[in-house]
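First up is the structure itself, then whatever we jot down about it.
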């Protein structure tokens, strides 16, 4: 059997051209109600002749870092729920890592959420009285990964976010910033196609905010795709692309930096795991 080296894989990828987008959204709409009471949470531009919504269309490349901004009622939470396979659109097509999620049943959607999306929420969502290591192992347990491999990958993920000395600590023994870093490790341990972060710094002080954003920056620098929902300009400044939504439409799409490119293979990532430096050093 011929075994390809990392260099040969990279050369083959260059010959094949750029990878397809992680996210491909075409004419996506989400409506509630009927008739005159219809509310278009996601609508995109209107047809000049009929006034009907054309829907939201966008692609997100592998390795990009996209911030989605908007005030309450802008449609950003609706878009996040659809991208996270937590809700379904009224119309339109959504491909995640090449998979048309509109054709999947509930069990298949659950698998997609577990294996292709790493969720980071504002409220941490950690299990009480459970160690950081066990928290990070959970998605792997749901995916059927064996115990020894779960532990190895969870330890690597926690080391990556600077918590190798806190693996046996429970949530009530960790600061808010440390709890969110556990949540980040849990999100990335399955090597998902996308990290989806919903206001990840909303419950943190300024120091912890910088620490968490620095970690997300570092993950993106290695090629991880990040979609971050925020209403704060200071947080969006870390992104390489900023989308602004108003009344269910993308009114602004600004490129702030170059795309890092696709992520390394999982085996390569685990073999070269190193801590992402924190602002001001570990806490």
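Numbering (the numbering used here), first residue to last: 163 to 445.
Beta carbons: idealized from backbone N, C-alpha and C, even for Gly.
Short of 7 Å from the beta carbon of residue 312, and not among the five residues preceding or following it, lie these beta carbons of its own chain, in chain order: 299, 302 and 303.
With 16 or more other Cβ atoms from the protein chains shown falling within 10 Å of its own Cβ, residue 348 counts as buried. In the three-state scheme derived from DSSP, where H, G and I count as helix and E and B as strand, residue 234 is classed as coil.
The beta-bridge partner set that DSSP reports for residue 187 consists of 220 and 256. DSSP places residue 265 in the helix class (H, G or I) of the three-state scheme. Assignment of beta-bridge partners to residue 411 by DSSP yields 408. Non-local C-beta neighbours of residue 285 in its own chain, meaning closer than 8 Å and more than five positions away in sequence, comprise 365, ordered along the chain. The C-beta distance from residue 408 to residue 193 rounds to 17 Å, too long to fall under 8 Å, and the pair is not in contact. Classified as buried, residue 297 has 16 or more neighbouring CB atoms from the shown chains inside 10 Å of its CB. By the neighbour-count definition (other C-beta atoms within 10 Å, threshold 16), residue 200 is an exposed residue. A direct Cα-Cα distance of roughly 11 Å separates residue 187 from residue 259. In the same chain as residue 232, and ignoring 5 residues on each side of it, the C-beta atoms closer than 8 Å to its own belong to 238, 393, 406, 407 and 408, in chain order. For residue 392, the uninterrupted beta strand (DSSP E) run begins and ends at 388-392, by DSSP. Here DSSP, grouped into helix, strand and coil, assigns residue 313 to helix. Here the alpha carbons of residue 320 and residue 295 stand approximately 8 Å from one another. In the three-state reduction of the DSSP assignment, residue 249 falls in the coil class, being assigned neither a helical nor a strand state. For residue 367, the secondary structure class from DSSP, reduced to helix, strand or coil, is coil. Excluding its 5 nearest sequence neighbours in each direction, residue 355 has C-beta neighbours in its own chain below 6 Å: 184, 259 and 278, listed in chain order.
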